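Chemist: Each step along the sequence shown adds one to the number in UniProt numbering, with nothing skipped, and position 26 is 26.
All C-beta atoms in this analysis are idealised placements derived from N, C-alpha and C, irrespective of residue type, glycine included.
All of these numbers come straight from a predicted model, not from anything done at the bench.
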Amino acid sequence: EVGLTFHLLKDVPGLISKNIERALEDAFKPLGINDWNSVFWIAHPGGPAILDMVEAKVNLNKERMRA
Numbered sequence: 001e002v003g004l005t006f007h008l009l010k011d012v013p014g015l016i017s018k019n020i021e022r023a024l025e026d027a028f029k030p031l032g033i034n035d036w037n038s039v040f041w042i043a044h045p046g047g048p049a050i051l052d053m054v055e056a057k058v059n060l061n062k063e064r065m066r067a
């Protein structure tokens with residue numbers, strides 16, 4: 001079977017959570033975007049811990065996180 005296999009360190013979700021807001025601001029504020037719910041989001045293979053922390057940190061609507 002072919003696929004993607006990876007292992008995340010336990011501190012990866014926390015590191016992403018600490019930095020996601022600044023990364024989004026740096027990327028999107030010059031474009032006048034500051035409502036993260038208005039941005040098109042893509043699937044992330046990182047697992048629920050990362051997604052849950054990003055959702056909480058930038059106050060995403062639950063509907064934006066459903067697949």
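Could you tell me if residue 54 is buried or exposed, where buried requires 16 or more neighbouring beta carbons within 10 angstroms of its beta carbon?
Modeler: buried
Chemist: Cα-Cα, which of 62, 31, 58 is closest to residue 19?
Modeler: When only C-alpha atoms are compared, the closest one is 58.
Chemist: In three-state DSSP terms, what is residue 51?
Modeler: In this structure, residue 51 counts as helix in the three-state DSSP scheme.
Chemist: Whole angstroms is fine: what's the gap from residue 60's alpha carbon to residue 50's?
Modeler: 13 Å
Chemist: Any idea if residue 16 is buried or exposed, counting beta-carbon neighbours within 10 angstroms, 16 or more meaning buried?
Modeler: buried
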